[in-house]
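Chemist:
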Amino acid sequence: MNDNKSIFNQREALDYLVKTLANETKQYRNLTIPADQDDKRQLLRGLMNVRAPGPIDLEFLAVQDRLLQKEVRDKGVVTVSQIPTVNEDLINSGAVRIPLGDKLSLWQGDITRLAVDAIVNAANSQLLGCFVPGHNCIDNVIHSAAGIQLREACDALITAQNMPEPTGAAKITSAYNLPSKHVIHTVGPIVQDGLTPGLEQDLANCYRACLEIAVANQVRSLAFCCISTGVFRFPNEVAAAIAIATVMAFLAAHEEKFDRIIFNVFLDRDVAIYQKLLDSQLIDG
Numbered sequence: 001m002n003d004n005k006s007i008f009n010q011r012e013a014l015d016y017l018v019k020t021l022a023n024e025t026k027q028y029r030n031l032t033i034p035a036d037q038d039d040k041r042q043l044l045r046g047l048m049n050v051r052a053p054g055p056i057d058l059e060f061l062a063v064q065d066r067l068l069q070k071e072v073r074d075k076g077v078v079t080v081s082q083i084p085t086v087n088e089d090l091i092n093s094g095a096v097r098i099p100l101g102d103k104l105s106l107w108q109g110d111i112t113r114l115a116v117d118a119i120v121n122a123a124n125s126q127l128l129g130c131f132v133p134g135h136n137c138i139d140n141v142i143h144s145a146a147g148i149q150l151r152e153a154c155d156a157l158i159t160a161q162n163m164p165e166p167t168g169a170a171k172i173t174s175a176y177n178l179p180s181k182h183v184i185h186t187v188g189p190i191v192q193d194g195l196t197p198g199l200e201q202d203l204a205n206c207y208r209a210c211l212e213i214a215v216a217n218q219v220r221s222l223a224f225c226c227i228s229t230g231v232f233r234f235p236n237e238v239a240a241a242i243a244i245a246t247v248m249a250f251l252a253a254h255e256e257k258f259d260r261i262i263f264n265v266f267l268d269r270d271v272a273i274y275q276k277l278l279d280s281q282l283i284d285g
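Letter by letter, the sequence shown follows residues 1 to 285 of the UniProt record's numbering.
Next up, the structure:
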């Protein structure tokens, strides 16, 4: 297949996906579809974001999957072997090797590029992803890249338990069109009137629950996002300290269960926070 044909097919697929989702509900049937491909792609993401759980034609899923998997390839998949461990970073900087440093990494980038056994999603209590079109929260980003099957899978979990997901618990699903094998969903605490010991314990419970469900499902490589530090307003410095302390304590007792645990950060601010905490806490430990 030549390049022109590939481009034409991708455009055709995008048209089909947008029109199919728009025609699902009366509200969007007369929606003006933009001619620009980037605008049309944003519209598709928005329609995916607002779509309620429910069955859809298998042809739609096949076309959606081809589009999303191509986008993953275009962004560039990152494997565990491409990410240095904490020990490797320390050796490169002239520092000494440290306990557990061969199992831990700090990596800045898009979590939907990681080819690991599981990535962690900071979810809401309905586990259905973010319904705000194009919102840049991690929940929206992961669901948008995974495809509408992820919302279906999460809806099945909530339906089965017949209650919202409690704070500090975790559930696991397939990752569908992501390069990871699984997504682990956890509901972090929401900070409204300042931190309390209970909120700090809730966040520690999130990390512990994710690690426990990872072990139960033979997940050997796991990437954590910065749980609760976005719209849930948990202070970044305290959240990072809780994340590192909880992961290190669990890893010390279950070291043989993991090949790598990655602290995935996106903001430069969080890189600096994690780097400082890892350097001081690990070396002192």
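For every residue, glycine included, the Cβ atom is placed at its ideal position computed from N, Cα and C.
In this text the structure is predicted, and so the values were computed from the model without any measurement.
#1: What are the start and end residues of each continuous beta strand (DSSP E) run of 3 or more residues lying completely inside the segment 50-82, in chain order?
#2: So, is Met163 buried or exposed, given that buried needs 16 or more other C-beta atoms within 10 angstroms?
#3: Determine, using beta-carbon pairs with one atom in the segment 140-155 and one in the segment 211-218, whether at least three such pairs fall under 8 angstroms.
#4: Which class does Gln218 belong to by DSSP, given the choice of helix, strand or coil?
#5: Which residue comes first and which comes last in the beta strand (DSSP E) that contains Ile184?
#6: Quick one: grab the DSSP three-state call for Thr159.
#7: Is the CB-CB distance between Glu165 and Gln126 below 9 angstroms?
#8: Here's the rule: buried if 16 or more other CB atoms are within 10 angstroms of the residue's CB, otherwise exposed. What is Lys276?
#9: Decide if Gly46 is buried, meaning its Cβ has at least 16 other Cβ atoms within 10 Å, or exposed.
#10: What span of residues does the beta strand (DSSP E) with Ile261 cover, start to end?
#11: Is there a C-beta anywhere in chain D that falls below 9 angstroms from the one on Ile158?
#12: If you run the structure through DSSP and keep just helix, strand and coil, what is Val120?
#13: Return helix, strand or coil for Gln192, following the three-state DSSP convention.
#14: Tell whether a beta-carbon distance below 9 angstroms holds between Arg260 and Pro179.
#15: Taking 8 angstroms as the cut-off, does the segment 6-23 touch the segment 39-59 (at least 3 CB pairs, one atom from each stretch)?
#16: Going by C-alpha to C-alpha distance, which of Ala146, Gly76, Ala170 sits closest to Ala122?
Modeler: Well, looking at it:
#1: DSSP runs (the beta strand (DSSP E)) wholly in the segment 50-82: none.
#2: exposed
#3: no
#4: Three-state result, Gln218: coil.
#5: Looking at the DSSP string, the run of the beta strand (DSSP E) that includes Ile184 is 182-187.
#6: helix
#7: yes
#8: exposed
#9: buried
#10: For Ile261, the uninterrupted beta strand (DSSP E) run begins and ends at 260-265, by DSSP.
#11: No chain D is part of this structure, which consists of one protein chain only.
#12: strand
#13: In the structure shown, Gln192 sits in coil (DSSP, three-state: anything other than H, G, I, E or B).
#14: It is not a contact, given that the beta carbons lie outside the stated cut-off.
#15: Using a Cβ-Cβ distance cut-off of 8 angstroms, the segment 39-59 and the segment 6-23 are in contact, since at least three pairs of beta carbons, one from each stretch, lie closer than that value.
#16: Ala170
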